[in-house]
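Protein chains in written order, with this note's numbering: chain A, 1 to 384; chain B, 385 to 1011.
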């Protein structure tokens, strides 16, 4: 009856069966373990599953029940496959011709409709939240324009009560500072294309980015020619990290930011300070740094103010991070938020050769001497 | 066979090639089996290259602040990894199976247009080599496999121009192949083989060819616009001059989502053939499986914007595409249950092809379920562009498509080579591969849910992502071990003399097993007449329809070769298309034109001339040499 099989192919059936059973169990166990561990990566500091604001909370609350539904389906389907595989595996010495079942229309219609029903139930809250997240901001929401550059973030506060004492808008780079508990309405704009250079590698370009702080809100793309919005609020003061999520060129991986959430009192103090322009330093080294910053460098090496701005001074460049309060406590990181401002070595390395620490960075190497670097660092960190 | 070896003159100064064996015969062959083999071998070479790229990626990410690659190298390598695995491995490896098996499974002597078939292959391989030549000519593409504009249009390196041109060439290959195979399936089935008696693999093949035929024109438009933006400073995707970056995304994903089904449906077809054989049962609900495949093909064109939920298309679009994405999960789920129904109460023989097939189902289920979580739009705002997506794509395309392709390789190896791959080595390979696979890609779910974005060349230790990245890297290298085991198995198997103890080693069901292993040039001495689905099976066993039990066929009780209508007589008098240089000549004009677009109009002219000569010679040459 089974003469159609070459004997050599079927000789070790029983060994094979044992292997199948053991490995199947082992394998399922491994998968289950992975699933369980999925929830717990204790060191993770940027997890959307640890929400710190209403938007991320709502997104997590939608994901979690769907995830467990998926786990249930996973267990039923994969468990079913393993059970069938173990129960109906070919046994040695048993020559069995199975019943020839061609199908069962009722059953098949059933397993078409059942998943459809599950999905329909899941989609109801989904659609609800899609529309809720697209709602108009509350009247007292704080409006901030987020600008994506290659490869750093700038933030401009556009509300009237945030107007500065100088003639430009309040702008910060790398760290978005917001008050706790208040609704924040972000407008996302792609920026760039401001550094023009004959060498195409040194120019910057307006490309798509995506703004994402996992613990506070899901991402929205920053698309040239469009303005997208994010609505969120943060529950507690603290620092929340985020980064660009859409591939945007060479240093996409190092285009990060922080959101510093302040208590109401700290927020008022921060705003009051930020409305002022950059203060003139008193320390002689920092004063020398300011001179270097505000004037063209010797030997035609260029000028900082061609690209950088410091509010209330002559520095009005728009292509690079605004440095008005570079040394403020809230401004904790720089250059795409990859290094801490408190890290003097990192600042030195950056000024020495930006491309050596961040390949492709748009800030050129100005061949600064170590004296010049010391002076510039003293000046910038004095800008509290 | 005498008619095949008579020398003939092709005219125009070139003698028509006649050799059917030997090194040079591979360059002029129009035999679907040889072309299928060349597709298989060359795409497997690309698989190795893409795999090495994957290992470099994993080496770089094995530790925080990795220094194995710099940002520039990393961006090129992850882009080439994606392009290679999708366009130069899974698509052409599926084409290898389709080429080799479609004529054999439908009882045809070759495909409808054998020379177009050869042209498709040469266009594919030359397109792939063109793409990789960028490595030596200023840098490989570096904008990701979906090359979002305007990053792809403004990037200062030459890579993305190679991307546009290379994908245009491989697109030509796929388009020509799609039309060819669709016509073959529709017109060249054996007597008695109605569409609803074709194997499910043929159905999936047909759906894939239509998906290709309708989706490739869309990306062709996009690639031309990208090329024009890059090369001649047009502004299709430049908003400052009236263009729109989101246009690229619509064009790309309107191709890109059907593409996902182009990649997975061949594997679904393969395992739909394998599971019944190793369960000794017919496929449960043939019609349901076929119609779910067809509906996937249709709905697949209506879900593209779920790749774009974070783009800001607005709540109406996000709602609509969230719903359509949920809907496409239904026919996909149907298939899973039907495969389970096929195995249920079967006589399951876990040989390597069956292990890989069941592995395909089990891994695809995971990818399918994570896919459903992407349809939950607001939750997808958190998941998109993270490693959660990277995990998803690898569970469906590696765990689904590539496991399915391995199932097919082990299953049809005896048919194609007349030798059997070592079963013990195959099973070891499977277990190493599936453990490595889950170690490599399972943790990526965790990484994504903990805020690791895709395409970042490094991550700081402070994000707490190190441990799972290390696990993933270990898994990737385990996969490499499994692939090495496969290569060793292949080399050792192919060194043995050809010959099978049994030309039907798996007790198969479909008619490709009714001819010798490997099949003769003309495939079948006599084309069988088809009476049912699983024709071969029913020639071996008779089913008692009342009890559903099987008995081996009694002499005279079931259709035999005596009933066949095909040409009789050991292949004599069968006229097969003759070998030809012209497809290779015509295809070789394509990369020349592409280099011309990059460097000089003169070269464009030279390439166009080569193509023209190729097509001219082709047009004037009879398909069968006179003799």
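Built from N, CA and C at the ideal position, the CB exists for glycine as well.
Determine the closest residue to residue i out of the options, with distance taken between C-alpha atoms.
i	options	result
residue 793 of chain B	B:658, B:437, B:748, B:692	B:658
residue 323 of chain A	A:191, A:308, A:332, A:329	A:308
residue 865 of chain B	B:813, B:412, B:608, B:629	B:813
residue 970 of chain B	B:990, B:959, B:961	B:990
residue 845 of chain B	A:143, A:29, A:45	A:45
residue 639 of chain B	B:597, B:693, B:670	B:597
residue 818 of chain B	B:860, B:1002, B:959	B:860
residue 541 of chain B	B:1004, B:998, B:1003, B:982	B:982
residue 294 of chain A	A:210, A:271, A:379, A:328	A:379
residue 584 of chain B	B:719, B:912, B:697, B:1003	B:719
residue 881 of chain B	B:896, B:917, B:902, B:897	B:902
residue 351 of chain B	B:488, B:807, B:550	For residue 351 of chain B there is no data in the structure shown, the boundaries of chain B being 385 and 1011.
What residues of chain C sit near residue i, judged by a beta carbon separation below 8 angstroms?
i	result
residue 219 of chain A	Among the chains of the structure shown, chain C does not appear; the protein chains present are A and B.
Leaving out the 5 sequence neighbours to the left and right, which residues in its chain are closer than 6 angstroms to residue i when beta-carbon positions are compared?
i	result
residue 559 of chain B	600
residue 440 of chain B	461
residue 476 of chain B	423, 427, 508
residue 877 of chain B	803, 805
residue 349 of chain A	357
residue 304 of chain A	293
residue 239 of chain A	258, 260
Can you pull the DSSP bridge partners for residue i?
i	result
residue 601 of chain B	Note: residue 601 of chain B sits in no beta bridge, so no partner.
residue 924 of chain B	Answer is none; residue 924 of chain B lacks a bridge partner.
residue 142 of chain A	A:184
residue 339 of chain A	A:334
residue 171 of chain A	A:156
residue 189 of chain A	A:147
residue 249 of chain A	Note: residue 249 of chain A sits in no beta bridge, so no partner.
residue 220 of chain A	A:211
residue 229 of chain A	A:187
residue 234 of chain A	A:53
residue 242 of chain A	A:257
Mapping DSSP to helix, strand and coil, what is residue i?
i	result
residue 799 of chain B	helix
residue 164 of chain A	coil
residue 258 of chain A	strand
residue 50 of chain A	coil
residue 811 of chain B	helix
residue 671 of chain B	helix
residue 417 of chain B	helix
residue 970 of chain B	helix
residue 1062 of chain B	Only positions 385 to 1011 of chain B appear in this structure, which leaves residue 1062 of chain B out of reach.
residue 205 of chain A	coil
residue 376 of chain A	helix
residue 784 of chain B	helix
residue 805 of chain B	coil
Can you give me the Cβ contacts of residue i inside the same chain, cut-off strictly under 7 angstroms, excluding the 5 residues immediately before and after it?
i	result
residue 591 of chain B	649, 677, 678, 681
residue 952 of chain B	Caution applies to residue 952 of chain B, whose pLDDT of 48 falls short of 50 and renders its modelled position unreliable; the value that the coordinates give is listed next. Within the same chain, residue 952 of chain B has close Cβ partners 910.
residue 660 of chain B	666, 667, 726, 893
Quick check: does the Cβ of residue i come within less than 8 angstroms of any heavy atom belonging to the ligand HEM?
i	result
residue 380 of chain A	This structure lacks the ligand HEM; in fact it carries no ligand of any kind.
Output needed for residue i: all residues of its chain with C-beta closer than 8 angstroms, excluding positions within five of it in sequence on either side, in chain order.
i	result
residue 403 of chain B	409, 412, 963
residue 544 of chain B	525, 526, 527, 531, 536, 537, 610, 614
message: Output needed in chain order: residues of the segment 224 to 246 of chain A with a Cβ under 7 angstroms from some Cβ in chain B.
response: Under the 7 angstroms Cβ criterion, the segment 224 to 246 of chain A contributes 224, 225, 226, 228, 243, 245, 246.
### Task
Pull out every residue of the segment 965 to 999 of chain B whose Cβ sits closer than 9 angstroms to any Cβ of chain A, in chain order.
Answer in chain order: no residues at all.
* Name, going along the chain, the residues of the segment 450 to 469 of chain B whose beta-carbon falls closer than 7 angstroms to a beta-carbon of chain A. => Listed in sequence order: 454, 455, 456, 459.
Proximal residues, the segment 124 to 142 of chain A versus chain B, C-beta separation under 7 angstroms: So the list reads 126, 127, 129, 130, 131, 133, 134, given in the order they occur along the chain.
* Please list the residues of the segment 61 to 95 of chain A that have a C-beta atom closer than 7 angstroms to any C-beta atom in chain B, keeping them in chain order. => The segment 61 to 95 of chain A vs chain B, Cβ under 7 angstroms: 62, 63, 66, 67, 70, 73, 74, 77, 78, 80, 81, 84, 85, 88, 89, 90.
Quick one, which residues of the segment 709 to 720 of chain B are near chain A if we go by CB-CB under 7 angstroms, in chain order?
Here the close residues are 710, 713, 714, 717, 718, 720.
Q) At a Cβ cut of 9 angstroms, what residues of the segment 177 to 194 of chain A count as close to chain B, listed as they run along the chain? A) Those would be 188, 190, 193, in chain order.
### Query
When Cβ atoms are compared, which residues of the segment 95 to 110 of chain A fall closer than 7 angstroms to chain B?
Those residues of the segment 95 to 110 of chain A that come within reach of chain B (Cβ to Cβ, closer than 7 angstroms) are 96, 97, 98, 99, 100, 101, 102, 103, 108.
Which residues, in order along the segment 317 to 345 of chain A, keep a beta-carbon less than 9 angstroms from a beta-carbon of chain B? Going along the segment 317 to 345 of chain A in chain order, one finds 338 with a Cβ nearer than 9 angstroms to chain B.
Under 7 angstroms (Cβ pairs) to chain B, residues found in the segment 196 to 216 of chain A
Correct list: 200, 201, 205, 206, 207, 208, 210, 214.
In the segment 251 to 279 of chain A, which residues sit with their C-beta less than 8 angstroms from some C-beta in chain B, listed in chain order? The residues in question are 251, 252, 253, 254.
query = Of all the residues that make up the segment 348 to 369 of chain A, which are near chain B by a beta-carbon distance shorter than 8 angstroms?
reply = So the list reads 359, 360, given in the order they occur along the chain.
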